[in-house]
Amino acid sequence: MNGERKIILFLDFDGTLSPIAKDPSDAILPPNVKLWLQNLSKKDNVRIGIVTGRALSDIKRKVGLKNIVYAANHGMEVFYNGKYLLRKGCAYKRPLQMLAKELIGSLSDISGVVVESKGLSVAVHYRKVNTKLRATVKKIVKKLATPCMKKYNLQLTTGKMVLEIRPAKLWNKGKAVLWMWKKLGRRYMPVYVGDDITDEDAFKALRPYGITIRTGRRKDSHAEYFVKSIKNIVGVMAMFH
Numbered sequence: 000m001n002g003e004r005k006i007i008l009f010l011d012f013d014g015t016l017s018p019i020a021k022d023p024s025d026a027i028l029p030p031n032v033k034l035w036l037q038n039l040s041k042k043d044n045v046r047i048g049i050v051t052g053r054a055l056s057d058i059k060r061k062v063g064l065k066n067i068v069y070a071a072n073h074g075m076e077v078f079y080n081g082k083y084l085l086r087k088g089c090a091y092k093r094p095l096q097m098l099a100k101e102l103i104g105s106l107s108d109i110s111g112v113v114v115e116s117k118g119l120s121v122a123v124h125y126r127k128v129n130t131k132l133r134a135t136v137k138k139i140v141k142k143l144a145t146p147c148m149k150k151y152n153l154q155l156t157t158g159k160m161v162l163e164i165r166p167a168k169l170w171n172k173g174k175a176v177l178w179m180w181k182k183l184g185r186r187y188m189p190v191y192v193g194d195d196i197t198d199e200d201a202f203k204a205l206r207p208y209g210i211t212i213r214t215g216r217r218k219d220s221h222a223e224y225f226v227k228s229i230k231n232i233v234g235v236m237a238m239f240h
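Position one of the sequence shown corresponds to residue 0 (numbering that gives the first Met the number 0), numbered consecutively onward.
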């Protein structure tokens with residue numbers, strides 16, 4: 000790829016930059032990937048945005064690099080160089096925190112469940128749960144979340160072994176990357192790399208304007224290009240040196 004071309008590179012974290020962990024708190028950014036990001040962030044013709052469902056404090060701690068845009072909670076919080084560029088959905092924090100407490104209490108007897116309160120969303124991870132009990136987890140989450148969703152206009156979404164409750168139709172990764180592209184680098188060609196259902200919004204939004212790459216083939220994906228697995232991301236990364 001032409002080294003003079005200006006690129007704004009959007010990257011998902013879990014399953015893209017970091018291998019998916021059974022417990023989300025155990026996920027790490029591999030040293031070679033961190034070094035690559037660090038070197039890339041110093042280039043004048045490249046801007047980098049990490050777009051994730053993780054909480055802002057969590058993703059900043061996991062990546063630990065400056066001069067990178069952090070778009071947390073599916074882009075509802077955008078943070079760059081020590082300040083917020085965007086914050087959406089703050090009014091939802093209290094009801095979501097209350098729901099998280101209810102879920103923790105109701106799911107505490109099921110081994111392997113991880114309830115993650117992320118401020119602007121609540122995630123219930125069931126990757127470590129016995130396969131026979133996963134349907135029970137989903138049933139409990141739906142039962143507890145439904146009244147809260149109706150009252151506060153929230154939505155229940157799914158991902159890789161995770162259920163998530165967040166503000167309905169307020170914001171998603173697609174809206175977030177379009178906003179960041181226009182705000183931070185309209186002259187930069189957008190490139191998005193992701194692997195999960197929530198990344199589909201970003202693929203759909205950016206496909207007419209740039210390059211969209213999905214880790215793992217999916218027939219109904221909006222991504223234009225595919226790589227076989229997370230190991231192949233290294234090859235994609237080499238394009239941007």
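In this text, a Cβ means the ideal position worked out from N, Cα and C, and glycines have one as well.
Q. Do three or more CB pairs link the stretch 139–157 to the stretch 174–183 at distances below 8 Å?
A. Taking 8 Å as the limit for Cβ pairs, the verdict is that the stretch 174–183 does not touch the stretch 139–157.
Q.
If you follow the beta strand (DSSP E) that residue 161 is in, where does it begin and where does it stop?
A. Where residue 161 is concerned, the enclosing beta strand (DSSP E) stretches over 161–166.
Q.
On the DSSP letters alone, give me the boundaries of the alpha helix (DSSP H) that residue 199 sits inside.
A. Residue range 199–205 is occupied by the alpha helix (DSSP H) that includes residue 199.
(Q) On the CB-based measure, 16 or more other CB atoms within 10 Å of its CB, does residue 27 come out buried or exposed? (A) Burial state of residue 27 is exposed, judged by a 10 Å Cβ sphere holding fewer than 16 other Cβ atoms.
Q. Grouping DSSP H, G and I as helix and E and B as strand, with all else coil, what is residue 116?
A. When DSSP states are grouped into helix, strand and coil, residue 116 belongs to the strand group.
Q) So, does the CB of residue 95 fall closer than 8 Å to a CB anywhere in chain D? A) In summary, chain D is missing from the structure at hand, where a single protein chain is found.
Q) What is the residue span of the beta strand (DSSP E) that residue 70 lies within? A) Unbroken beta strand (DSSP E) run through residue 70: 68–71.
Q | Contact check, residue 48 vs residue 7, beta carbons under 8 Å | A | Yes, these two residues count as a Cβ contact at 8 Å.
(Q) Here's the rule I'm using: 16 or more other beta-carbon atoms within 10 Å means buried, otherwise exposed. How should residue 46 be labelled? (A) Label assigned to residue 46: buried.
Q) Nearest-angstrom Cα distance between residue 222 and residue 199? A) Between the alpha carbons of residue 222 and residue 199 lies a gap of roughly 7 Å.
Q) Taking the DSSP output, what are the residues bridged to residue 214? A) Bridge partners of residue 214: 226.
**Q.** Contact belief for residue 201 with residue 173 at Cβ below 8 Å, rounded distance in angstroms
**A.** 5 Å between Cβ atoms; contact.
Q. In chain order, what residues of the same chain lie with their CB nearer than 6 Å to the CB of residue 95, ignoring the 5 residues before and after it?
A. 121, listed in sequence order.
Q) Rounded to a whole number of angstroms, what is the C-alpha to C-alpha distance between residue 42 and residue 34? A) Computed Cα separation, rounded: 13 Å.
Q. Among 161, 171, 21, which one has its Cα closest to the Cα of residue 141?
A. Cα-wise, what sits closest to residue 141 is 161.
Q) From the DSSP output, which residues share a beta bridge with residue 157? A) Looking at the DSSP assignment, residue 157 forms a beta bridge with 162.
Q: Find the nearest neighbour of residue 36 within the set 22, 25, 16, 55, judged by alpha-carbon distance.
A: The residue from 22, 25, 16, 55 with its alpha-carbon nearest to that of residue 36 is 16.
Q.
Taking the alpha-carbon of residue 185 as reference, which of 168, 203, 167, 208 has the nearest alpha-carbon?
A. Minimum Cα distance to residue 185 is reached at 208.
Q.
Excluding the 5 residues flanking residue 150 on each side, which residues of the same chain have their C-beta closer than 8 Å to its C-beta?
A. Only residues of its own chain outside the window of five on either side were considered, and among them 94 have a CB closer than 8 Å to the CB of residue 150, listed in chain order.
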